[in-house]
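**Q** Please see the structure below; I have some questions.
Chains as they are written, first to last, in our numbering: chain A, 2 to 114; chain B, 2 to 182.
Okay, structure coming up:
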């Protein structure tokens, strides 16, 4: 059964008559409004994410620096040597940094236009 | 031509998307309404399909045809909506019936009456049948292309098309005769 064999004129005429067109005149404008809103929203979110990422990196760097300073110049806490205390703190900071960075990257990728 | 507009959109000019809206809204609406059988649901489906296409343009393979890719989105969205309506047991037929009955046949010209009858008959067909008729006769897609768009097998598409032709002929027997005269 070839395609052309199936295409008879009768049904072609009928289908042409029965063709439905978009009955809502403002459809195009509504979609364009949605697109502009979404684009603007993505831009705003993307900028805010980048800004928060900068502050997050500053926070992590300050945390690491303070911990290292504490380990060098700090006094013992509850009899524990500051050098010994710095290691688990740095480990916790590293875990938090990796987990949060992963979330950041995912969000930035999602809202990147 | 379409590549230029796609490039413009990807470069950050959303206004270029208006070209695709103007070009495909009617056919997308026809495809959606032939599946969901209701103008309001069809409009929602087409809206969602256009938004999905806009968001997914980055992943669109520009060697492929935009039209085929977009129709696949419209068809998927329509069938998803149909499944959702069935799950929620939404009834759409009465609204369409009322719409048809509200228009008094006495005030319709013969051509308008024929259009009403055809639209009504297409509404009565199974979603897959009216969809395949639209793609085959209005969009001039070949059977292979229809398989590509819908994901159906060739034999299945042939069966659906055959059944659709038979059913629409039965429903519109007298209309077909009068359109030939």
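Each residue gets a CB set at the ideal place from its N, CA and C atoms; glycine is no exception.
With distance defined between alpha-carbon atoms, name the residue in 174/B, 139/B and 156/B nearest to residue 14/A.
**A** By one-based count along the first chain, residue 14/A stands at place 13. Of the listed residues, the one whose Cα sits closest to residue 14/A is 139/B.
**Q** Hey, quick one: how far does the alpha helix (DSSP H) through residue 78/A stretch, first residue to last?
**A** Counting from 1 along the first chain, the entry for residue 78/A is found at position 77. Counting along the chain, residue 78/A falls outside any alpha helix (DSSP H), and DSSP gives it neither H nor E.
**Q** Taking the C-alpha atoms as reference points, what is the distance between residue 9/B and residue 87/B?
**A** Within the second chain, the letter at position 8 stands for residue 9/B. Within the second chain, the letter at position 86 stands for residue 87/B. The straight-line gap from Cα to Cα measures roughly 40 Å.
**Q** Taking the alpha-carbon positions, what's the residue 11/A to residue 89/B distance?
**A** Position 10 of the first chain, counting from 1, holds the residue named residue 11/A. Position 88 of the second chain, counting from 1, holds the residue named residue 89/B. Using only the alpha carbons, I get a separation of about 38 Å.
**Q** So that I know if they touch, is there some Cβ in chain B lying closer than 9 Å to that of residue 110/A?
**A** In the first chain, counting from the first residue as 1, residue 110/A sits at position 109. Not one chain B Cβ lies under 9 Å of residue 110/A.
**Q** Can you have a look at residue 115/B and say buried or exposed, based on whether 16 or more other CB atoms are within 10 angstroms of its CB?
**A** Numbered from its first residue, the second chain carries residue 115/B at position 114. Under this definition residue 115/B is a buried residue.
**Q** Could you round the C-beta distance between residue 29/A and residue 19/B to whole angstroms and report it? I think they count as a contact, below 8 Å.
**A** Residue mapping note: residue 29/A aligns to position 28 of the first chain, counting from 1. Residue mapping note: residue 19/B aligns to position 18 of the second chain, counting from 1. Their Cβ separation, rounded to whole angstroms, is 7 Å, which keeps residue 29/A and residue 19/B in contact under 8 Å.
**Q** Pop quiz: residue 43/B and residue 74/B are said to be a contact at Cβ under 8 Å. What is the actual Cβ separation, rounded to whole angstroms?
**A** Position 42 of the second chain holds residue 43/B. Position 73 of the second chain holds residue 74/B. Their Cβ separation, rounded to whole angstroms, is 14 Å, which puts residue 43/B and residue 74/B out of contact at 8 Å.
**Q** Hey, does residue 7/B have any beta-carbon neighbour from chain A nearer than 9 Å?
**A** Translated into the one-based positions of the second chain, residue 7/B becomes position 6. For residue 7/B, no CB of chain A lies under 9 Å from its own CB, so it is not counted at the interface with that chain.
**Q** Excluding sequence positions up to five away, which residues of its chain have a Cβ less than 7 Å from the Cβ of residue 47/B?
**A** Numbered from its first residue, the second chain carries residue 47/B at position 46. Once the five neighbours on either side are set aside, the close Cβ partners of residue 47/B are 26, 29, 30, 33 and 75.
**Q** Please report the straight-line C-alpha distance between residue 66/A and residue 150/B, rounded to a whole angstrom.
**A** Position 65 of the first chain holds residue 66/A. Position 149 of the second chain holds residue 150/B. If you take the alpha carbons of residue 66/A and residue 150/B, they lie about 58 Å apart.
**Q** Show which residues of chain A have a CB atom less than 7 Å away from the CB atom of residue 15/B.
**A** For the purposes of this step, residue 15/B is taken as residue 14 along the second chain, with counting starting at 1. Within chain A, the residues near residue 15/B are 36, 37 and 40.
**Q** Could you name the residues of chain A that residue 34/B contacts, counting a contact when the two beta carbons are closer than 8 Å?
**A** The residue labelled residue 34/B in the question sits at position 33 within the second chain. Under the 8 Å cutoff, chain A gives 21.
**Q** Under 9 Å between C-beta atoms, does residue 37/B make it to chain A?
**A** Within the second chain, numbered from 1, the residue matching residue 37/B stands at position 36. Residue 37/B does not count as touching chain A.
**Q** Who are the neighbours of residue 100/A on chain B, taking C-beta pairs under 9 Å?
**A** Taking the first residue of the first chain as position 1, residue 100/A is located at position 99. Think of a sphere of 9 Å around the beta carbon of residue 100/A: no beta carbon from chain B falls inside it, the nearest being about 27 Å out.
**Q** Below 8 Å on the Cβ atoms is my contact criterion, and I expect residue 67/B with residue 36/B to pass it. Report the Cβ-Cβ distance as a whole number of Å.
**A** Walking along the second chain from the start, residue 67/B turns up at place 66. Walking along the second chain from the start, residue 36/B turns up at place 35. Rounded, the Cβ-Cβ distance is 20 Å, inconsistent with contact.
**Q** Do you know whose CA, among 145/B, 137/B and 113/B, lies nearest residue 18/A's CA?
**A** The residue labelled residue 18/A in the question sits at position 17 within the first chain. Closest option to residue 18/A, Cα to Cα, is 113/B.
**Q** Straight-line CA distance for residue 121/B to residue 64/B?
**A** One-based indexing of the second chain puts residue 121/B at position 120. One-based indexing of the second chain puts residue 64/B at position 63. Roughly 38 Å separates the two Cα atoms.
**Q** Nearest-angstrom Cα distance between residue 119/B and residue 50/A?
**A** In the second chain, residue 119/B corresponds to position 118, counting from 1. In the first chain, residue 50/A corresponds to position 49, counting from 1. Their backbone Cα atoms lie some 54 Å apart in a straight line.
**Q** Note down, in chain order, every chain A residue with its Cβ under 8 Å from the Cβ of residue 120/B.
**A** Locating residue 120/B in the second chain gives position 119, where the first residue counts as 1. The contacting residues are 19 and 21.
**Q** How about residue 15/A: is its C-beta nearer than 9 Å to some C-beta of chain B?
**A** Indexing the first chain from 1 puts residue 15/A at position 14. Chain B contact via Cβ: present.
**Q** In the stretch 30-95 of chain B, which residue ranges form an unbroken beta strand (DSSP E) of at least 3 residues, counting only runs that do not cross its ends?
**A** none
**Q** Just curious, the alpha helix (DSSP H) that residue 107/A is in, first and last residue?
**A** In the first chain, residue 107/A corresponds to position 106, counting from 1. Element bounds for residue 107/A: 83-112.
**Q** With a threshold of 8 Å on Cβ separation, who are the neighbours of residue 131/B within its own chain once the five nearest residues in sequence on each side are excluded?
**A** Counted from its first residue, the second chain places residue 131/B at position 130. Here the set comprises 35, 36, 123, 124 and 165.
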